[in-house]
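When you read off a place in the sequence shown, starting at 1, and then add 183, the result is the number in our numbering. Yeah, the Cβ is synthetic: ideal placement off N, Cα and C, and Gly gets one too. This report refers to the structure that appears directly beneath it.
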Amino acid sequence: MSDTIIWITGATEGIGLGLARNAPYADARIVNLSRRRHPDYESVQFDLSDPASWATVRRHLAEELAAFRGRRAIFIHNAYASDAVGLVGKVPSDVYERAVIANSAAPLVLGEAFISACPPDLDAGLVLLSSGAAVAPLEGLAAYCAAKVAVEHWAE
184 MSDTIIWITG
194 ATEGIGLGLA
204 RNAPYADARI
214 VNLSRRRHPD
224 YESVQFDLSD
234 PASWATVRRH
244 LAEELAAFRG
254 RRAIFIHNAY
264 ASDAVGLVGK
274 VPSDVYERAV
284 IANSAAPLVL
294 GEAFISACPP
304 DLDAGLVLLS
314 SGAAVAPLEG
324 LAAYCAAKVA
334 VEHWAE
């Protein structure tokens, strides 16, 4: 049994995969939280833009942390939805809504689920990846920029 468990949203590619491959604890158990399974890492499938699927992650965190006998648990929220690129009012409303839910609500809800599931004596860490877009607006990415501001304020 590993002494460390690390959950990473979006560990199937990009930064999330890089984080999984370069975890600072060599024997860490890595759990990918994503829409897609990863061939090398344990995976829990869910969709950031589908709040009904978040219960799967919430349940997994609660069960794993209740049974965990290691000393360190880390939750890294890295994933985001990138479909809503364009000016507000020009992106299809359903696409815009999914991006707002995935990028604004999901990090806060999943972060709270991790915090709530952690036993008080556990060495636990919550990492919420942000972006320079939280302080410097980017044309066509209003929902993304606003989400990063929300995540940073929530973490503070």
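Worksheet entry | With 16 other Cβ atoms within 10 Å as the buried cut-off, status of W190 | buried
Practice prompt. Go ahead and pull the three-state DSSP assignment for L248.
Written response: helix
Discussion item. Going by beta-carbon coordinates alone, are T187 and G253 separated by less than 7 Å?
Written reply: yes
Practice prompt. With a 10 Å radius around its C-beta and 16 neighbouring C-beta atoms as the bar for buried, classify K273 as buried or exposed.
Written response: exposed
Worksheet item: If you draw a straight line from the alpha carbon of C328 to that of E322, how long is it in whole angstroms?
Response: 9 Å
Item to complete: Please say whether T195 and H221 have beta carbons closer to each other than 7 Å?
Response: yes
Worksheet item: With V292 and I257 assumed to form a contact (beta carbons below 8 Å), what rounded beta-carbon distance in angstroms separates them?
Response: Not quite, the Cβ-Cβ distance comes to about 18 Å (not below 8 Å), so this is no contact.
Worksheet item: Can you list, in chain order, the residues of its chain whose CB lies under 6 Å from that of V268, leaving out five sequence neighbours each side?
Response: G323
Worksheet item: Is T192 helix, strand or coil when you go by DSSP?
Response: strand
Worksheet entry | DSSP bridge partner residues for D306 (one or two, in chain order) | R255
Item to complete: Provide the residue(s) that pair with S226 in DSSP beta bridges, ordered along the chain.
Response: N215
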